[in-house]
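Q: If you use mature numbering (1 follows the signal peptide of the UniProt record, and there is no 0), the sequence shown corresponds to residues -24 to -1, 1 to 145, in order. All C-beta atoms, glycine included, are put in the ideal place defined by N, C-alpha and C. Since we're looking at a predicted model, the values are computed, not measured.
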Amino acid sequence: MIPRLALAALGVFPLFAASTTARAASIEENGRQIAACLEASAKISGVPRGVLLVLLYVEAGRPGMVSPNGNGTADLGPMQVNTIWVDRIARRWHSTPAQTYAALRDSSCANIEAGAWILGQAMQEAHGDLWQAVAFYHSHTPRYGDAYLRRFYDIALTMMARNRRDDHS
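In structure tokens form, the structure reads like this:
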């Protein structure tokens, strides 16, 4: 029984290896697309690309994700853009609210662009104070914004430490 299982596994291995290689290439391509979206969105909105990257990690969303909130709103997609922004973004994009909702939920690049724009709006509101803008990205309630900023800081430090380790290996 075991030899047959081993032979069967060996027969499937080339298929597994090919699909794993294809998946790795797909992930790499997706990473390049996300990096390009981060770069373009940061430039358009006048916000630091690195801050957008950390926000992406802090929010930990993904395409198609809808996270309901207790107040009746929901957070959409990779940057977890709150539905309270849908109408304003729809006007900005010259789109309908339904189309905007779908794009924010399902398109990583559209979601990142919207998140960058929201951070840019928060920067204006915070009179250029980047850290206050990061807190505002999450909430204007000080205790929630402060907790978010601490989480942002912790994740940023972790990412920088990992990057330093990768540079030295």
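(1) Assuming residue 94 contacts residue 69 (C-beta within less than 8 Å), just tell me the rounded distance between them.
(2) Keeping to the same chain, check which residues put their C-beta closer than 7 Å to that of residue 117; ignore five residues upstream and five downstream.
(3) According to the neighbour-count rule (16 or more other Cβ atoms, all chains shown, within 10 Å of its Cβ), is residue 103 buried or exposed?
(4) Do you know how far the Cα of residue 119 is from the Cα of residue 49?
(5) With distance defined between alpha-carbon atoms, name the residue in 121, 92, 63 and 65 nearest to residue 26.
(6) For the segment 121 to 129 against the segment 77 to 90, do three or more pairs of beta-carbon atoms, one drawn from each stretch, fall closer than 8 Å, so that the two count as touching?
(7) Report all residues from its chain with a CB closer than 7 Å to the CB of residue 38; omit the five preceding and five following residues, and keep chain order.
(8) Give the DSSP-derived three-state secondary structure of residue 42 in the structure shown.
(9) For residue 27, name the three-state secondary structure that DSSP assigns.
(10) Per DSSP, which residues does residue 139 bridge with? Please list them.
(11) Below 8 Å on the Cβ atoms is my contact criterion, and I expect residue 109 with residue 122 to pass it. Report the Cβ-Cβ distance as a whole number of Å.
(12) Taking the alpha carbon of residue 114 as the point to measure from, which residue in 16, 13, 134 and 28 has its own alpha carbon closest?
(13) Rounded to whole angstroms, what is the Cα-Cα separation between residue 96 and residue 133?
(14) Starting from residue 105, trace the beta strand (DSSP E) both ways and give me its first and last residue.
A: According to the data block:
(1) Counting from one through the sequence shown, the residue named residue 94 turns up at place 118. Counting from one through the sequence shown, the residue named residue 69 turns up at place 93. Rounded, the Cβ-Cβ distance is 13 Å, inconsistent with contact.
(2) The residue you call residue 117 lines up with position 141 of the sequence shown. The answer is none, since no qualifying residue turns up.
(3) Here residue 103 is taken as the residue at index 127 of the sequence shown, counted from 1. Residue 103 should be labelled exposed.
(4) One-based indexing of the sequence shown puts residue 49 at position 73. One-based indexing of the sequence shown puts residue 119 at position 143. So the two alpha carbons sit approximately 20 Å from each other.
(5) Along the sequence shown, read from residue 1 onward, the residue named residue 26 stands at position 50. Checked all of 121, 92, 63 and 65; the closest Cα to residue 26 is 92.
(6) no
(7) Along the sequence shown, one-based indexing puts residue 38 at 62. Excluding positions up to five away in sequence, the list reads 54.
(8) Locating residue 42 in the sequence shown gives position 66, where the first residue counts as 1. Looking at residue 42 - three-state DSSP - the assignment turns out to be strand.
(9) Position 51 of the sequence shown holds residue 27. DSSP places residue 27 in helix when its eight states are reduced to three.
(10) Counting from 1 along the sequence shown, the entry for residue 139 is found at position 163. According to DSSP, residue 139 bridges with nothing at all.
(11) As a working mapping, residue 109 is identified with position 133 in the sequence shown. As a working mapping, residue 122 is identified with position 146 in the sequence shown. That belief does not hold up - the Cβ atoms of residue 109 and residue 122 are roughly 14 Å apart, past 8 Å.
(12) Sequence index remark: in the sequence shown, residue 114 carries index 138 (1-based). Out of 16, 13, 134 and 28, 28 has the C-alpha closest to the C-alpha of residue 114.
(13) Taking the sequence shown and counting its residues from 1, the one referred to as residue 96 is at position 120. Taking the sequence shown and counting its residues from 1, the one referred to as residue 133 is at position 157. Spanning the two alpha carbons is a distance of roughly 23 Å.
(14) Position 129 of the sequence shown, counted from the start, is the residue given in the question as residue 105. Run containing residue 105: none; DSSP gives neither H nor E here.
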